[in-house]
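**Q**
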Amino acid sequence: EPEVTQTPSHQVTQMGQEVILRCVPISNHLYFYWYRQILGQKVEFLVSFYNNEISEKSEIFDDQFSVERPDGSNFTLKIRSTKLEDSAMYFCASSPGLARYEQYFGPGTRLTVT
Amino acid sequence: AQSVTQLGSHVSVSEGALVLLRCNYSSSVPPYLFWYVQYPNQGLQLLLKYTTGATLVKGINGFEAEFKKSETSFHLTKPSAHMSDAAEYFCAVCNSGGSNYKLTFGKGTLLTVNP
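Going line by line, the protein sequences match chains A and B. Numbering follows the working numbering, in which position 52 of the first sequence is assigned residue number 52; successive positions increment by one, without gaps. Numbering follows the working numbering, in which position 32 of the second sequence is assigned residue number 146; successive positions increment by one, without gaps.
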């Protein structure tokens, strides 16, 4: 069964460094999302992406964040200058064209900022 | 704006007992509703969903949920708990009428199953 994959599973970085989190969505899906879950808190929407552009972003998704689909398979989230409060589990999700609400999640990348 | 409230951050049941995880939502438009399960060190797996039609929906692993519009609820049930059901469960909502189907999640309920 096709699945969303994410790399790395765990990333440790120092405050102020740039990180790139990578996702490979399900191959025929058209909509892509990033969510995050700070330890002990809710899963929160960050951004949705369709047709090579951001379709919606949350207040969390400020200028430090960017997303890209550099080729036909990868979907990346970049944080330019990480802060301690960016420490969280980051989930990528994708959904098919006809059922955009049915989102399939990857296993997540745990980002630890020290 | 939409929101989800899950009553009880931790529910503990005995193996074989009924599982009931509560979810209430608020939404200004007809909602699409979801339950996701997260096993330790894994991602979110879709258990079941309600979009339109029959209000009682069945999902994987014997779980089901009923959409009750008058109560703005979407509680998750399973008649008989199994040890393998121990996990965290998240209720989520998205707006049916929007162009972007972002999910709004509840805080999650950790289900413990005792032998």
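Ideal placement from N, C-alpha and C gives every residue a C-beta, glycine not left out. Since this is a predicted model, take the numbers as computed values, not measurements.
Tell me, which residues are paired with B/Pro145 by DSSP?
**A** Looking at the DSSP assignment, B/Pro145 forms a beta bridge with B/Asn209.
**Q** Taking Cβ positions only, does B/Lys163 come closer than 8 angstroms to chain A?
**A** Interface residue, yes.
**Q** Measuring straight from C-alpha to C-alpha, what distance separates A/Val43 and A/Phe65?
**A** In a straight line, the C-alpha of A/Val43 is about 17 angstroms away from that of A/Phe65.
**Q** Taking B/Asp199 as the reference, which of B/Lys221, B/Lys182, B/Gly220 and B/Ile174 has the closest Cα?
**A** Checking every option, the nearest Cα to that of B/Asp199 belongs to B/Ile174.
**Q** Find the residues of chain B that neighbour A/Tyr90, judging by a C-beta separation of less than 9 angstroms, and give them in chain order.
**A** Within 9 angstroms Cβ-Cβ: nothing; A/Tyr90 doesn't reach chain B, min ~11 angstroms.
**Q** Give me the Cα-Cα distance between B/Lys172 and B/Ser123, rounded to the nearest whole angstrom.
**A** Roughly 23 angstroms separates the two Cα atoms.
**Q** Go through the stretch 29-56 of chain A residue by residue and report every complete run of the beta strand (DSSP E) that reaches 3 residues or more, in order.
**A** List check, beta strand (DSSP E) in window: 31-37 and 43-50.
**Q** Compare the Cα-Cα distances from B/Leu121 to each of B/Gln152, B/Gln159, B/Phe219 and B/Ser194 and report the closest residue.
**A** Among B/Gln152, B/Gln159, B/Phe219 and B/Ser194, the Cα nearest to that of B/Leu121 is on B/Phe219.
**Q** So, are the CB atoms of A/Val19 and A/Thr82 less than 8 angstroms apart?
**A** In this structure, A/Thr82 lies closer than 8 angstroms to A/Val19 by Cβ.
**Q** Please report the straight-line C-alpha distance between B/Ser141 and B/Tyr164, rounded to a whole angstrom.
**A** Distance between the alpha carbons of B/Ser141 and B/Tyr164 is about 14 angstroms.
**Q** In whole angstroms, give me the CA-to-CA distance for A/Ser95 and B/Ser126.
**A** So the alpha carbons of these two residues sit roughly 33 angstroms apart.
**Q** Based on Cα-Cα distance, which residue from B/Trp149, B/Ser128, B/Pro145 and B/Val143 lies nearest to B/Leu135?
**A** Nearest C-alpha to B/Leu135: B/Trp149.
**Q** Let me check one thing: in DSSP terms, what residues is B/Ala168 bridge-paired to?
**A** Paired residue(s): none; B/Ala168 is not in a bridge.
**Q** Kindly say whether A/Phe45, judged by its beta-carbon, lies nearer than 8 angstroms to any beta-carbon of chain B.
**A** True, the Cβ-Cβ gap to chain B drops below 8 angstroms.
**Q** In chain order, what residues of the same chain have a beta carbon less than 8 angstroms from the beta carbon of A/Gln11, not counting five sequence neighbours either side?
**A** Excluding positions up to five away in sequence, the list reads Val19, Leu21, Thr109, Arg110, Leu111 and Thr112.
**Q** Anything in chain B within Cβ reach of A/Arg107, meaning under 7 angstroms, just list it in chain order.
**A** The question names Arg, but residue 107 of chain A in the sequence shown is Pro. The contacting residues are Gln156 and Gly157.
**Q** Between the Cα of B/Thr166 and the Cα atoms of A/Phe105, A/Tyr101 and A/Ala88, which residue gives the shortest distance?
**A** When only C-alpha atoms are compared, the closest one is A/Tyr101.
**Q** By the three-class DSSP mapping on this structure, what secondary structure does B/Ser140 have?
**A** If DSSP states are grouped into helix, strand and coil, B/Ser140 belongs with the strands.
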